[in-house]
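Visitor: Mind having a look at this structure? Questions to follow.
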Amino acid sequence: MSGSNLALESILQKSNTYDAYDVFHIKKIHKKFGEGEIKNLTFISQFRRDYDRVCLGLKTVYPLDLIDYNYNKERAVEELNRFCGFRYYKAKHCENILTKVIQLRWFAEKFHVDKRRSHLSSLIVSGQITREAALKEMEKSLYDEVEMERDLKSVLNKLHITREEFEILLSRKGKQHGEYPVNRYYIWINRLLRIKSILKNRFL
Numbered sequence: 439m440s441g442s443n444l445a446l447e448s449i450l451q452k453s454n455t456y457d458a459y460d461v462f463h464i465k466k467i468h469k470k471f472g473e474g475e476i477k478n479l480t481f482i483s484q485f486r487r488d489y490d491r492v493c494l495g496l497k498t499v500y501p502l503d504l505i506d507y508n509y510n511k512e513r514a515v516e517e518l519n520r521f522c523g524f525r526y527y528k529a530k531h532c533e534n535i536l537t538k539v540i541q542l543r544w545f546a547e548k549f550h551v552d553k554r555r556s557h558l559s560s561l562i563v564s565g566q567i568t569r570e571a572a573l574k575e576m577e578k579s580l581y582d583e584v585e586m587e588r589d590l591k592s593v594l595n596k597l598h599i600t601r602e603e604f605e606i607l608l609s610r611k612g613k614q615h616g617e618y619p620v621n622r623y624y625i626w627i628n629r630l631l632r633i634k635s636i637l638k639n640r641f642l
């Protein structure tokens, strides 16, 4: 089962991310830069996904896409609040301090990527927000300075990185995933799947 859904995640800016299923890629980067062992971590590779799908007949189910016609963000937040006192964490993927810092500081300052463009665009095409409202949202600051300073200190402490080291890394030119070893099988399979999807949609 997957928590992904088309209503809130249908649009993603091109060339600002790489899929998490290339385990070969992850292990090569860890071998070059990492410390400690990652052999006890559970990875789901593209090979495993293909095997499960083709040989075992397993399918991924997306329950949120089955709720009414359109999974509604505001309604979901309200229902969660009534059910368990849930409080929304201001922006998508900011539920975790690490992902919050990565998205609002690392991506934005090192790679000049504002993830709000994707998130708000998905809300626009699913009819949950107007383009005008989205543009107003984009005018707001990415984060609260005091809150970000607190979160950044927490993350750096857990990663055993000094503030000076972080600033040096942040100032360096960003590297793309293709600059490190990647699984060529994975890339070609995804290209073939995209071509298949385009052809299928064209002749529907």
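Using this note's numbering, the letters of the sequence shown map in sequence onto residues 439 to 642.
Positions of the beta carbon are idealized from the N, C-alpha and C atoms, including for glycine.
Taking the straight line between their C-alpha atoms, what separation do you get for residue 541 and residue 630?
Guide: The residue given as residue 541 occupies position 103 in the sequence shown. The residue given as residue 630 occupies position 192 in the sequence shown. If you take the alpha carbons of residue 541 and residue 630, they lie about 30 angstroms apart.
Visitor: Taking the alpha carbon of residue 480 as the reference point, which residue from 519, 461, 473, 474 has its own alpha carbon closest?
Guide: Taking the first residue of the sequence shown as 1, we reach residue 480 at position 42. Residue 480 has its Cα closest to that of 461, out of 519, 461, 473, 474.
Visitor: Per the contact definition of three or more C-beta pairs closer than 8 angstroms, is the segment 485-492 in contact with the segment 601-618?
Guide: Verdict: no, contact absent.
Visitor: Give the C-beta separation of residue 443 and residue 500 to the nearest angstrom, bearing in mind that I take them to be a contact with Cβ-Cβ under 8 angstroms.
Guide: Your numbering for residue 443 matches position 5 in the sequence shown. Your numbering for residue 500 matches position 62 in the sequence shown. Residue 443 to residue 500, Cβ: 6 angstroms. Contact.
Visitor: List the whole-angstrom C-beta distance separating residue 509 from residue 572, where the pair is believed to meet the contact cut-off of C-beta under 8 angstroms.
Guide: The sequence position of residue 509 within the sequence shown is 71, counting from 1. The sequence position of residue 572 within the sequence shown is 134, counting from 1. The pair is not a contact, with the Cβ atoms about 18 angstroms apart (cut-off 8 angstroms).
Visitor: So residue 477 is in the alpha helix (DSSP H); what residue range does that whole segment cover?
Guide: Within the sequence shown, numbered from 1, the residue matching residue 477 stands at position 39. Counting along the chain, residue 477 falls outside any alpha helix (DSSP H), and DSSP gives it neither H nor E.
Visitor: Looking at residue 535 and residue 579, is the spacing between their C-beta atoms short of 8 angstroms?
Guide: On the sequence shown, residue 579 is found 141 positions in, with the first residue counted as 1. On the sequence shown, residue 535 is found 97 positions in, with the first residue counted as 1. Against a cut-off of 8 angstroms, the Cβ pair of residue 535 and residue 579 comes out as no contact.
Visitor: Go to residue 484, then tell me how far its alpha helix (DSSP H) extends in each direction, as first and last residue.
Guide: Stepping through the sequence shown from its first residue, residue 484 is reached at position 46. That run of the alpha helix (DSSP H) goes 484-492.
Visitor: In angstroms with no decimal places, state the Cα-to-Cα distance between residue 544 and residue 457.
Guide: Within the sequence shown, residue 544 is the residue found at index 106, counting from 1. Within the sequence shown, residue 457 is the residue found at index 19, counting from 1. Distance between the alpha carbons of residue 544 and residue 457 is about 18 angstroms.
Visitor: Cutting at 6 angstroms between CB atoms, please list the residues of its own chain near residue 450, excluding the five before and the five after it.
Guide: Here residue 450 corresponds to residue number 12 of the sequence shown, with the count starting at 1. The residues are 556.
Visitor: Would you call the CB atoms of residue 562 and residue 569 closer than 8 angstroms?
Guide: Locating residue 562 in the sequence shown gives position 124, counting from the first residue. Locating residue 569 in the sequence shown gives position 131, counting from the first residue. For residue 562 and residue 569, yes; Cβs fall inside 8 angstroms.
Visitor: Under DSSP, the alpha helix (DSSP H) around residue 576 begins and ends at which residues?
Guide: Start at 1 with the first residue of the sequence shown, and residue 576 comes out as number 138. Counting along the chain, the alpha helix (DSSP H) containing residue 576 begins and ends at 569-576.
Visitor: Could you check if residue 670 is buried or exposed, using at least 16 other CB atoms within 10 Å of its CB as the buried criterion?
Guide: No answer is possible for residue 670: it lies beyond the span of the chain, which begins at 439 and ends at 642.
Visitor: DSSP three-state call for residue 546: helix, strand or coil?
Guide: As a working note, residue 546 is residue 108 in the sequence shown. In this structure, residue 546 counts as helix in the three-state DSSP scheme.
Visitor: In whole angstroms, what is the alpha-carbon distance linking residue 470 and residue 617?
Guide: Indexing the sequence shown from 1 puts residue 470 at position 32. Indexing the sequence shown from 1 puts residue 617 at position 179. Near 13 angstroms, if we compare the C-alpha coordinates of residue 617 and residue 470.
Visitor: At the level of alpha carbons, what is the spacing between residue 530 and residue 566?
Guide: What you label residue 530 is simply residue 92 of the sequence shown in a count that begins at 1. What you label residue 566 is simply residue 128 of the sequence shown in a count that begins at 1. For residue 530 and residue 566, the distance between alpha carbons rounds to 15 angstroms.
Visitor: The alpha helix (DSSP H) that contains residue 589, what's its start and end?
Guide: Taking the first residue of the sequence shown as position 1, residue 589 is located at position 151. From DSSP, the alpha helix (DSSP H) with residue 589 extends over 583-597.
Visitor: Verify whether the separation of the beta carbon atoms of residue 619 and residue 466 is less than 8 angstroms.
Guide: Working through the sequence shown from its first residue, we reach residue 619 at position 181. Working through the sequence shown from its first residue, we reach residue 466 at position 28. Against a cut-off of 8 angstroms, the Cβ pair of residue 466 and residue 619 comes out as a contact.
Visitor: Tell me the rounded alpha-carbon separation between residue 512 and residue 533.
Guide: As a working mapping, residue 512 is identified with position 74 in the sequence shown. As a working mapping, residue 533 is identified with position 95 in the sequence shown. Cα to Cα, residue 512 sits roughly 16 angstroms from residue 533.
Visitor: Out of curiosity, what's the CA-to-CA distance linking residue 598 and residue 612?
Guide: Here residue 598 corresponds to residue number 160 of the sequence shown, with the count starting at 1. Here residue 612 corresponds to residue number 174 of the sequence shown, with the count starting at 1. So the two alpha carbons sit approximately 21 angstroms from each other.
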